[in-house]
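Engineer: Below is one structure. I have some questions about it.
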Amino acid sequence: MNKGTKRRVKKLGTAFFVLYVLILVYLLFFSEGYGRVAQAEREYRYNLVPFVEIRRFWTYREQLGMFALFTNIFGNVMGFIPYGFVLPVIARRMRNGFFIILSGFCISLSVEVIQLITKVGCFDVDDMILNTLGAALGYGIYAVCEIFRRKHNGKKI
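Letter by letter, the sequence shown follows residues 0 to 156 in numbering that gives the first Met the number 0.
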């Protein structure tokens, strides 16, 4: 890619990343459709046992409905795929898979702690597992795309 194209990709990627973060913040802290309750009804809710909520949503998928299953399990994974994919595109220093996965976990942990402290949502270790998986999948998609890009452009891998 020439410098002009790289600059455009970086600017577009940065704009997309900012929009992504704003939407994620809205969904995680302000959206009433995803488990948020009125101020008077807020209480500390948490799950510290891995895979309990994932198992519960899968076991009771018929009663809870596919929308609840999809938003809880797949939504947590898909919510962090853009993080793992776009961040290495827009920031050269962020192209380390271990760093992307670790930072995805740390951001997820921060979100869960904020939700616990503010009593917005629920601190859930399963959400952290799924969010971290999403960041890892996003980075995996980036890495595969990078391999194809380098093969197409004839650069060493």
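Note that beta-carbon positions come from the ideal geometry of N, C-alpha and C, so glycine has one too.
Just so it is clear, the structure is predicted and the values come from calculations on it, not from any experiment.
In this structure, does DSSP put F50 in helix, strand or coil?
Structural biologist: Note: F50 maps to coil in three-state DSSP.
Engineer: Between the C-alpha atoms of I22 and F29, what's the straight-line distance to the nearest angstrom?
Structural biologist: Approximately 10 Å, taken between the alpha carbons.
Engineer: Taking K10 as the reference, which of I53, N71, A90 and E42 has the closest Cα?
Structural biologist: Minimum Cα distance to K10 is reached at A90.
Engineer: Excluding the five sequence neighbours on either side, which residues of its own chain have a C-beta within less than 8 Å of the C-beta of Q114, listed in chain order?
Structural biologist: Cβ within range, chain order: L27, F28, G120, C121 and F122.
Engineer: According to DSSP, which residues form a beta bridge with D123?
Structural biologist: N46.
Engineer: Which same chain residues, not among the five before or five after P87, have their C-beta less than 7 Å away from its C-beta?
Structural biologist: The answer, listed in chain order, is M93, R94, I99, Y138 and Y141.
Engineer: Less than 8 Å between C-beta atoms, sequence neighbours within five positions excluded: which residues of the same chain meet that for G133?
Structural biologist: Within the same chain, G133 has close Cβ partners N75, V76, M77, G78, F79, I80, Y82, G83 and G103.
Engineer: For R148, name the three-state secondary structure that DSSP assigns.
Structural biologist: Residue state, collapsed to three classes: helix.
Engineer: For the alpha helix (DSSP H) that contains E61, what are its first and last residues?
Structural biologist: Run containing E61: R60 to L63, per the alpha helix (DSSP H) assignment.
Engineer: Applying the 10 Å Cβ sphere with the 16-neighbour rule, what's the burial state of E52?
Structural biologist: E52 is buried by the Cβ-count criterion.
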